[in-house]
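In my numbering, the protein residues as written are 598 to 886.
All C-beta atoms, glycine included, are put in the ideal place defined by N, C-alpha and C.
Data first, discussion second: the structure below is written as structure tokens.
Written out as structure tokens, the structure reads:
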């Protein structure tokens, strides 16, 4: 039996599914463009009043003295000075973020971004508290806290979702995106090694965001012996059918031939015979005649 969400009776939902049922309606659509909008405001402020940015950084010492706006305004700090390369970078991350939002759904993409922001804030305060215990009040570390490494976590997430996608390095060299992700991971480790404690905190926060999100949403049942046997049997049946598919997602068009780990469900709230993959089962708009 399948309920209104398209989930079989007795099937267990992970924590993201439960959160989405309660808070999915509050998710921000096109979150990537909002992030870029924050950068635009930051670049404008840097142009007309450069000193203002110093009052927007994530400084726990100043926040504890009443400057509570810094908990949020550090999101306006742009990752670098503006140039044509900055424009290309922002467009690149916008494309990645938009694709992830379409793949995961708006709510899950929101959780990924905001958990990175939360981890960064918590990391800044942990560092501040450790400094206070050691008799040192850390002031001036706020310049290290920006969304630069959160953007890099977006790239890692995209590479984990589409590891075999090819990109044109320098617009010439075709390269699978997973190899670029390995390079970025090595770069993060290097920066953590040579950087300050504030740099290490913000890097760990971005990596922690990536690890927590993916490890908590993986389906480890797929590596059990019974599941492996089922996949082999399923693969033989698919090959025997000479490419004729039985399932197709009404949103992205993927079929069982696009991955043996894909699962498909019909939605009882849609008026018609509509089937969805697990990535769009909870995020699609119900079809009405």
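Please state the DSSP three-state secondary structure of residue i.
i	result
residue 872	strand
residue 705	helix
residue 694	helix
residue 722	helix
residue 622	helix
residue 879	coil
residue 744	coil
residue 728	helix
residue 750	helix
residue 668	helix
residue 612	helix
residue 914	Within the shown structure, residues of the chain are numbered from 598 to 886, placing residue 914 beyond reach of any answer.
In the DSSP assignment, what are the bridge partners of residue i?
i	result
residue 852	845
residue 863	872
residue 773	763
Cα-Cα, which of the options is closest to residue i?
i	options	result
residue 686	707, 651 and 748	748
residue 651	859, 875 and 671	671
residue 852	649, 875, 866 and 771	875
Determine contact between the stretch 615-635 and the stretch 649-668, defined as no fewer than three beta-carbon pairs at a distance below 8 Å.
No, they do not touch.
Scan the stretch 628-665 and note each continuous alpha helix (DSSP H) run of 4 residues or more that stays entirely inside, going in chain order.
628-645 and 657-660
Counting pairs of Cβ atoms below 8 Å between the stretch 743-761 and the stretch 673-682, do you hit three or more?
yes
Touch check for the stretch 715-725 and the stretch 634-645: three-plus C-beta pairs under 8 Å?
no
Kindly confirm or deny that the stretch 684-694 and the stretch 778-787 touch, where touching means at least three C-beta pairs closer than 8 Å.
no
At a cut of 8 Å, does the stretch 699-713 reach the stretch 788-796 through at least three beta carbon pairs?
no
So, do the stretch 706-714 and the stretch 771-778 have three or more beta carbon pairs nearer to each other than 8 Å?
No contact exists between the stretch 706-714 and the stretch 771-778.
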